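S.K.: My numbering puts the sequence shown at residues 3 to 261. Built from N, CA and C at the ideal position, the CB exists for glycine as well. Bear in mind the structure is a predicted one, so any value in this text is a computation, not a measurement.
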Amino acid sequence: MKQIAYLLAIAFLAVSFRGSAAVADTSLLGQWNRANDYYTAGEYARAVEGYRALEKAGYESAKLYYNLGNAYYKMDSLGRAILNYNKALKLAPGDEDIRHNLEVANARTVNRIDAIPDFILVRWFKNLRQTFDSNTWAVFSLVLFGLALSMTVLYLLSASVVRRKVGFTLGVVALALFVYTLANSVAQKRSKTGSGEAIVLSSAAAVKSSPDTGGKDVFILNEGAKVEVLSSIGPWSEIVIASGNKGWIETGAIAQISE
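1. Between the segment 182-190 and the segment 219-238, are three or more C-beta pairs nearer than 8 Å?
2. Indicate whether the contact test is met: 3 or more Cβ pairs, each with one atom in the segment 164-178 and one in the segment 134-154, closer than 8 Å.
3. Would you call the segment 238-250 in contact with the segment 90-106, where contact means no fewer than 3 C-beta pairs closer than 8 Å?
4. Can you grab the Cα-Cα spacing for the pair PHE170 / TYR157, in whole Å?
5. Return the CA-CA distance between PRO237 and ALA255, expressed in angstroms with no decimal places.
6. Per DSSP, ASP219 forms a beta bridge with which residues?
7. Could you tell me whether the segment 84-98 touches the segment 53-70, using the rule of 3 or more Cβ pairs below 8 Å?
8. Counting along the chain, where does the beta strand (DSSP E) carrying ILE201 start and finish?
9. Alpha carbon to alpha carbon, how far is PRO213 from VAL220?
10. In whole angstroms, what is the alpha-carbon distance linking GLY198 and GLY44?
11. Under 8 Å between the Cβ atoms of LEU85 and ALA208?
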């Protein structure tokens with residue numbers, strides 16, 4: 003809560019000399035505080051209204067989506083709670099509180115989708131990637147690139163054979179780690195902005211074999227299930243779930259995590 007309050011306060015100071023814009027930012031900061039007060043008082047529907055107003059005004063942060071998810075969870079709106087926890091996790095992948103609440107919410111869903119298992123090393127690298135967001139990985143890559151350049155200079159200019167060996171070895175290691183951290187930064191950025199992941203909001207949604215009401219029901223997805231959107235035709239979206247099963251679902255039954 004302190005984080006978004008701080009950001010809103012900075013925004014207020016930045017436009018304090020722009021007349022009526024200052025009043026608007028003061029109102030947004032007050033909206034944040036009122037929404038938090040409503041949540042504390044147990045008035046979750048009014049808290050949701052306040053948080054959604056901030057979202058519609060263009061503000062986003064992991065804390066905003068986390069609080070919104072908590073409010074929806076208290077209202078037993080499981081799909082929207084999971085949706086907002088996932089939005090929060092996109093912005094702060096290393097936040098254990100968000101991850102814990104998402105796991106608790108997922109445990110209440112009806113669907114139990116067994117994902118296609120990854121090779122253990124691939125799974126380990128994916129989990130490591132989720133530890134930091136794209137900006138943090140980018141900082142790591144810049145530091146490592148600088149280290150690689152320094153070691154290259156040491157290798158080229160040093161008269162000592164030992165120092166040249168050290169420079170060469172550390173330069174190669176730093177370069178390899180630079181490539182790895184840069185790849186993680188790009189992957190995290192794509193995950194945040196270009197992901198086709200979505201959450202089912204309907205209590206029960208039929209997944210059909212074709213994009214029309216006359217298509218055969220392939221399987222049923224319940225509220226809170228996560229899907230990946232592959233394509234869209236009119237009011238229908240082609241989706242795939244973690245188990246690899248595909249089908250068509252009405253677009254109105256789902257909400258994209260990254261919009």
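M.R.: A quick look at the data gives this:
1. Contact fails between the segment 182-190 and the segment 219-238, because fewer than three Cβ pairs, one in each stretch, are under 8 Å apart.
2. The segment 164-178 vs the segment 134-154: in contact.
3. Counting Cβ pairs under 8 Å, fewer than three are found: no touch.
4. If you take the alpha carbons of PHE170 and TYR157, they lie about 6 Å apart.
5. Roughly 10 Å separates the two Cα atoms.
6. Paired residues: LYS210.
7. Contact between the segment 84-98 and the segment 53-70 is established, with three or more Cβ pairs separated by less than 8 Å.
8. Per DSSP, ILE201 is one residue of the beta strand (DSSP E) stretching across 199-202.
9. One Cα belongs to PRO213, the other to VAL220, and the distance between them is close to 12 Å.
10. Roughly 34 Å separates the two Cα atoms.
11. 8 Å or more divides the Cβ of LEU85 from the Cβ of ALA208.
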